[in-house]
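Structure record follows, encoded as structure tokens.
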């Protein structure tokens, strides 16, 4: 199981041609935006759970 789908990975790889930091077309911008959203959500929960240090009983959806 990965954080992003194979389809999104393949689309970003094809549309961005290695230029992920400076997307040069609209499809690449959409793909990188979707990937960023996934990682932002993931890291938000990592930080939240780590900072809670067991004080809260958190369940991820």
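In this note's numbering, the protein residues as written are 1 to 61.
Idealized CB from N, CA, C, for every residue including glycine.
- In the structure shown, residue 8 adopts helical secondary structure according to DSSP, grouped into three states.
- For residue 16, the number of other beta carbons within 10 angstroms of its own is at least 16, and it is reported as buried.
- Taking 8 Å as the cut-off, the beta carbon of residue 38 is found no closer than this to the beta carbon of residue 12.
- In the structure shown, residue 27 adopts helical secondary structure according to DSSP, grouped into three states.
- The beta carbons of residue 43 and residue 3 sit no closer together than 8 Å.
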